[in-house]
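Please read the structure below before turning to the comments.
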């Protein structure tokens, strides 16, 4: 097996929690913090840590606003985040193809 | 390392993306709309005593068409608002899972409404249970690609239809109730209750 695609996998995305966040955000223009937390079954602290890591990498943007006088935090993928996610999927597909018996 | 990890990761990504898609955000208004259609059809059926199997079938299959058309309109409006394609792969997947049980229910509905009435079985009493069971199975299947609550909502149909069927037919074979009441409960009250639950919980979640 060629180890090349595996070594190219983005280590920031290649983590269960962060991959789940990126997948949810890739399918939706934006999601609120609570929607992500409930859909993924994460704790507030865990989700905050992962989102911060993705934010520092420039993959996710976080917007804070108010709805009915209550704070609303929404997350969305940035253009580099979308590109990195697409590349990650491509590499996974390459690995799957390599592992398929001929 | 499990050699299939990459494939499993891709499958997980696919499932998560499908859960996050368009129809999920339109679910509450769809449920409320379908519930209102169910209540209106049941009220019309009871008031005008539309109890002949053919009339019963036409009324409820018509209500189903109105409900599906309304759901489509709501999803389309949401798609335009969010600038998303309406017929995306996740939507197609959900449609594919809903299609077989709903088609089977519709075919049975048409057959039973066209059969001549016999003295043994009142099809207008049997159809609500059959439709509720098929609909429950459809929701349960679609729930694999939607919010987790949809799967549970499917179980509500399957369990409530089975329990009511047992209570009415087994415990009290001589019961006398209009099929419209049963349809109003299954397709009116249950949808309204789930729609109200989604609406209230989403509002609270978004405000958090």
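Protein chains in written order, with this note's numbering: chain A, 8 to 109; chain B, 562 to 769.
Positions of the beta carbon are idealized from the N, C-alpha and C atoms, including for glycine.
Could you check whether the Cβ of residue i sits closer than 8 Å to any Cβ belonging to chain B?
i, result
"residue 106 of chain A", "yes"
"residue 110 of chain A", "Look at the range of chain A in this structure, 8 to 109, and you will see that residue 110 of chain A is not part of it."
"residue 164 of chain A", "The displayed coordinates of chain A run from 8 to 109. Any statement about residue 164 of chain A would go beyond what the structure contains."
"residue 30 of chain A", "yes"
"residue 14 of chain A", "no"
"residue 17 of chain A", "no"
"residue 59 of chain A", "no"
Say whether chain A places a C-beta atom closer than 8 Å to the C-beta of residue i.
i, result
"residue 641 of chain B", "no"
"residue 567 of chain B", "yes"
"residue 647 of chain B", "no"
"residue 578 of chain B", "yes"
"residue 574 of chain B", "yes"
"residue 761 of chain B", "no"
"residue 571 of chain B", "yes"
Kindly give me the distance between the Cβ atoms of residue i and residue j, rounded to whole angstroms, as I take these residues to be in contact under 8 Å.
i, j, result
"residue 593 of chain B", "residue 753 of chain B", "6 Å"
"residue 663 of chain B", "residue 717 of chain B", "So it is not a contact: roughly 17 Å between Cβ atoms."
"residue 640 of chain B", "residue 598 of chain B", "Going by Cβ atoms, the distance from residue 640 of chain B to residue 598 of chain B rounds to 21 Å, so no, they are not a contact pair."
"residue 591 of chain B", "residue 626 of chain B", "Actually they do not touch by this definition, with Cβ atoms about 15 Å apart."
"residue 95 of chain A", "residue 20 of chain A", "5 Å"
"residue 33 of chain A", "residue 89 of chain A", "7 Å"
"residue 655 of chain B", "residue 707 of chain B", "7 Å"
Please name the residue, chosen from the options, that lies closest to residue i on a Cα-to-Cα basis.
i, options, result
"residue 607 of chain B", "B:738, B:759 and B:758", "B:738"
"residue 756 of chain B", "B:567, B:714 and B:578", "B:714"
"residue 740 of chain B", "B:653, B:573, B:620 and B:588", "B:620"
"residue 748 of chain B", "B:578, B:567 and B:595", "B:595"
"residue 50 of chain A", "A:24, A:36 and A:96", "A:24"
"residue 758 of chain B", "B:731, B:710 and B:610", "B:710"
"residue 53 of chain A", "A:40, A:79 and A:98", "A:40"
"residue 688 of chain B", "B:569, B:602, B:567 and B:614", "B:614"
"residue 70 of chain A", "A:92, A:56 and A:81", "A:81"
"residue 587 of chain B", "B:746, B:605, B:631 and B:577", "B:631"
"residue 22 of chain A", "B:576, B:575, B:570 and B:577", "B:570"
"residue 668 of chain B", "B:699, B:703 and B:622", "B:622"
"residue 726 of chain B", "B:700, B:692, B:704 and B:698", "B:692"
"residue 46 of chain A", "A:58, A:31, A:56 and A:59", "A:31"
"residue 13 of chain A", "A:99, A:93 and A:37", "A:99"
"residue 38 of chain A", "A:11, A:84, A:64 and A:78", "A:84"
Within 7 Å: the Cβ of residue i and any heavy atom of the ligand ATP?
i, result
"residue 45 of chain A", "What this structure holds is no ligand at all, so the ligand ATP is not there to describe."
Determine, using beta carbons only, whether residue i comes closer than 8 Å to chain E.
i, result
"residue 662 of chain B", "Looking for chain E here will not work: the only protein chains present are A and B."
- prompt: Which full runs of the alpha helix (DSSP H) of 4+ residues lie inside the stretch 640-716 of chain B, going along the chain?
  reply: 650-675 and 684-703
Residues in the stretch 735-755 of chain B with C-beta within 9 Å of chain A's C-beta atoms, listed in sequence order? none
Note to self: Along the stretch 94-105 of chain A, where does the CB come closer than 8 Å to a CB of chain B? Name the residues.
What the structure shows: 96, 99, 100, 102 and 103
**Report entry** Whole alpha helix (DSSP H) elements within the stretch 28-96 of chain A, 4-residue minimum
**Finding:** 40-47 and 51-63
Practice problem: Tell me the start and end of each unbroken alpha helix (DSSP H) in the stretch 723-747 of chain B that is at least 4 residues and wholly inside, in chain order. | Solution: 740-744
Review point. Taking only runs of the alpha helix (DSSP H) that begin and end inside the stretch 582-627 of chain B, which ones reach a length of at least 4 residues, in chain order?
Key: 583-586 and 588-608
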